[in-house]
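These notes are about the structure you will find just below.
There are 2 protein chains.
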Amino acid sequence: MKGPEADEGASASGAKTPRTARGRRTLRALLDAAADEFGEKGFHDAAIAKIAERAGTAIGSFYTYFDSKEAIFRALVQDMSRQVKESVVPRILSEPDRLSGERAGIEAFLSFVREHKALYTIIDQARFVAADAHHDHYQGIADGYRMSLAQAEAKGEIRSGDNEVRAWAIMGMNVFLGLRYGAWSSDGDPRDIAAAAIDLIANGLAQRRAESGGVA
Amino acid sequence: MKGPEADEGASASGAKTPRTARGRRTLRALLDAAADEFGEKGFHDAAIAKIAERAGTAIGSFYTYFDSKEAIFRALVQDMSRQVKESVVPRILSEPDRLSGERAGIEAFLSFVREHKALYTIIDQARFVAADAHHDHYQGIADGYRMSLAQAEAKGEIRSGDNEVRAWAIMGMNVFLGLRYGAWSSDGDPRDIAAAAIDLIANGLAQRRAESGGVA
């Protein structure tokens, strides 16, 4: 999809920008290897030599892109944030309204977590290894949510309310559904889990005296 | 509130049970000191000698109750789980129905987090230091939620739905509201935040064609 000079993905990850397609492949292999290494061993026990080995490159190649174990860890957190957004946001935007989009987004997120079991380990470690990256990861998602809720409110697609509280609440909901139904176990069809979650988000728990205008 | 022989709190924390009131005070002081030490320094950099010093006891007293740094960490996770429940559950039960209870519970939880800033650091570290304790902490809360939602559903207080999904969703919502409005900052009145959150949980985001039966 990108032209040959497009290095935005790499530079957005905080790594030095590769000049060649081969360099971009090496950087991608290093980040994927880092996800496996940090995911399995944790930051303290992970080793740069092992990351290079998993990536099938020399240690020298590692140092072409990263100064330290912390540097690749920070790049990995940004890379995973970006990967989550790229997997989830287009699915949200492909739906006709915010609530259908939310259901599609939850489903896409659960599928992403099942394919990327290291996500939770990496983000939770970031709290201790790179607190600012951890903060920015969640703040960035919450800001996006708040803006999209405000837009949906302006269009009359959702009721008005405190969109900052709603953004953090819905993000937390998704994170914990991903923990339970993605990171810890893969039981249940993501479509059914997303449908149950969106029933809660859209319609709430309260009984209605007359069913009217709820989203199924 | 407890009789002089009541050692349940201590034994429930996984520590050796003190036989005297003085012993119980020492154990309490050690757990509070551990919360400060682990909260500030993290598990790896925390030191048993510093925990004993913060608690105002000799290192020998530490080893009367705990075999290791990991042992007091595990006891602390259980102790904090219990403290959260003891702060929040009575507030939920004091309300006439599940939805009013949920609002009171969120408010109580936010106030608890503001008073116990170490909570998130400790529980998040548990994922790496004592994965089973981390799992048990969240699974225990989710199980309690699921049962109380099933009871409310049976009484007709809430609509029927998938209470396992709902339990994890609402827990995640509360955890992230606590992170945003308790651990990271103390802006906003817990009553207002809880009111906005309960509006989402009770009534959902969807527009209603006719307002009917929502919970304000």
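Respectively, the protein sequence lines represent chains Y and H. For the first sequence, full-length UniProt numbering gives the first residue as 1, with consecutive numbering after it. For the second sequence, full-length UniProt numbering gives the first residue as 1, with consecutive numbering after it. For each residue, glycine too, the CB sits at the ideal point set by N, CA and C.
(Q) Closer than 8 Å is the cut-off here; do at least three beta carbon pairs connect the segment 107-122 of chain H with the segment 55-67 of chain H? (A) The segment 107-122 of chain H is not in contact with the segment 55-67 of chain H.
Q) Would DSSP call Y:ALA167 helix, strand or coil? A) Helix at Y:ALA167.
Q) Cα-Cα, which of Y:GLY161, Y:GLN78 and Y:ARG82 is closest to H:ASP199? A) Taking only the C-alpha atoms, the option nearest H:ASP199 is Y:GLY161.
Q: Mark H:ILE123 as exposed unless 16 or more other C-beta atoms lie within 10 angstroms of its C-beta, in which case mark it buried.
A: Buried, because 16 or more other Cβ atoms sit within 10 Å of the Cβ of H:ILE123.
Q) Along chain Y, which residues have their Cβ under 9 Å away from the Cβ of H:ILE36? A) Residue identity differs from the one stated: residue 36 of chain H is Asp in this sequence, not Ile. Here the premise fails: no neighbours, minimum Cβ distance about 17 Å.
Q: Determine the extent of the alpha helix (DSSP H) in which H:GLN207 is found, giving its start and end residues.
A: Note, H:GLN207: premise wrong, no alpha helix (DSSP H); not H, not E.
Q | Cβ neighbours of Y:ALA34 in the same chain (closer than 6 Å, five flanking residues each side left out) | A | So the qualifying residues of the chain are ILE51, ILE72 and LEU76.
Q: Give a yes or no on whether the minimum CB-CB distance between Y:ALA196 and chain H is below 8 Å.
A: Yes, Y:ALA196 lies at the interface with chain H (some Cβ there is under 8 Å from its Cβ).
Q: Could you tell me the distance, in whole angstroms, from the CA atom of Y:GLU95 to the CA atom of Y:GLY156?
A: Inter-residue distance for Y:GLU95 and Y:GLY156 is about 16 Å (C-alpha atoms, whole angstroms).
Q: Quick one: residues in its chain with C-beta nearer than 8 Å to the C-beta of Y:ARG159, no 5 flanking neighbours on either side, listed in chain order?
A: Once the five neighbours on either side are set aside, the close Cβ partners of Y:ARG159 are GLU153.
Q | Cut-off 6 Å between Cβ atoms - residues of its own chain near H:VAL129, not counting five sequence neighbours on either side | A | Hits under 6 Å: PHE43 and PHE73.
Q) Based on the DSSP secondary-structure assignment, which residues constitute the bridge partners of H:ILE158? A) The bridge partners DSSP lists for H:ILE158 are Y:ALA206.
Q. Distance, Cα to Cα, Y:GLY213 vs H:ALA202?
A. Residue placement at Y:GLY213 cannot be trusted, given a pLDDT of 47 that sits under 50; what the coordinates show is reported in the next sentence. Going from the Cα of Y:GLY213 to the Cα of H:ALA202 covers about 15 Å.
Q. Which whole runs of the alpha helix (DSSP H) in the segment 71-121 of chain Y are 4 residues long or more, in chain order?
A. The segment 71-121 of chain Y is shown to contain whole alpha helix (DSSP H) runs of 4 or more residues at 98-115, in chain order.
Q. DSSP three-state call for Y:PHE176: helix, strand or coil?
A. Three-state DSSP puts Y:PHE176 in a helix.
Q) Y:LYS50 lies in the alpha helix (DSSP H); which residues open and close that run? A) Counting along the chain, Y:LYS50 sits inside the alpha helix (DSSP H) bounded by residues 48-55.
Q) Name the chain Y residues that come within less than 7 Å of H:LEU205, Cβ to Cβ? A) By Cβ distance, chain Y contributes LEU99, ILE158, ARG159, ILE201 and ALA202.
Q: Could you check what DSSP says for Y:PRO190 in three-state terms: helix, strand or coil?
A: Residue state, collapsed to three classes: helix.
Q: Note down the Cα distance separating H:ALA49 from H:ILE59, rounded to an integer number of angstroms.
A: The straight-line gap from Cα to Cα measures roughly 6 Å.
Q) Any idea if H:GLY204 is buried or exposed, counting beta-carbon neighbours within 10 angstroms, 16 or more meaning buried? A) The residue in question, H:GLY204, is buried, as its Cβ has 16 or more Cβ neighbours within 10 Å.
Q | Interface flag, Y:MET147 vs chain H, CB-CB below 8 Å | A | Under the Cβ distance rule, Y:MET147 does not count among the residues neighbouring chain H, no pair being separated by less than 8 Å.
Q | Inter-residue Cα distance where the pair is Y:GLU164 and H:ARG146 | A | Straight-line measurement puts the Cα of H:ARG146 at about 26 Å from the Cα of Y:GLU164.
Q | Beta-carbon gap between Y:ALA195 and Y:ARG103 smaller than 8 Å | A | Yes, Cβ-Cβ distance for Y:ALA195 and Y:ARG103 is below 8 Å.
Q) Mind pulling the chain Y residues with CB within less than 7 Å of H:ARG127? A) The answer, in chain order, is ASP124.
Q: Quick one: residues in its chain with C-beta nearer than 6 Å to the C-beta of H:GLN207, no 5 flanking neighbours on either side, listed in chain order?
A: Within the same chain, no residue comes within 6 Å of H:GLN207 by CB-CB distance, once the 5 residues on both sides are set aside.
Q. Using the beta-carbon count (16 or more within 10 Å), is H:ASP79 buried or exposed?
A. Burial of H:ASP79 is indicated by the presence of at least 16 other C-beta atoms within 10 angstroms of its C-beta.
**Q.** Alpha carbon of H:ILE141 to alpha carbon of Y:ARG19, nearest angstrom
**A.** Looking at the two C-alpha atoms, the distance is approximately 50 Å.
Q. Which of the residues in the segment 18-52 of chain Y, read from start to end, lie with their CB under 8 Å from any CB of chain H?
A. Of all residues in the segment 18-52 of chain Y, GLY42 and HIS44 have a Cβ within less than 8 Å of some Cβ in chain H.
Q: At 9 Å on the CB atoms, spell out the chain Y contacts of H:VAL175, in chain order.
A: The answer, in chain order, is GLY172, VAL175 and PHE176.
(Q) For a test of the three-state rule: what should DSSP assign to Y:PHE66, helix, strand or coil? (A) DSSP places Y:PHE66 outside both helix and strand once states are collapsed to three, so it counts as coil.
(Q) For a quick check, are the C-beta atoms of H:LEU177 and H:ILE193 less than 8 Å apart? (A) In contact: H:LEU177 and H:ILE193 (Cβ atoms closer than 8 Å).
(Q) I believe Y:GLU37 touches Y:ARG54 by the beta-carbon criterion, under 8 Å. Please report the beta-carbon distance rounded to the nearest angstrom. (A) Between Y:GLU37 and Y:ARG54 a beta carbon distance of about 6 Å is seen, short of the 8 Å cut, so the two are scored as contacting.
Q. Under a CB-based cut-off of 8 Å, is H:LYS85 close to chain Y?
A. Interface with chain Y (8 Å Cβ-Cβ cutoff): H:LYS85 is excluded.
Q) Under three-state DSSP, which class holds H:SER185? A) If DSSP states are grouped into helix, strand and coil, H:SER185 belongs with coil.
Q) Considering only C-alpha positions, which residue in the set H:ARG22, H:THR121, H:HIS137 and H:LEU27 is nearest to Y:ALA131? A) Measuring from the Cα of Y:ALA131, the nearest candidate turns out to be H:THR121.
**Q.** C-beta neighbour in chain Y for residue 221 of chain H, strict 8 Å
**A.** No information on residue 221 of chain H is available, as it lies outside the stretch 1 to 216 that chain H covers here.
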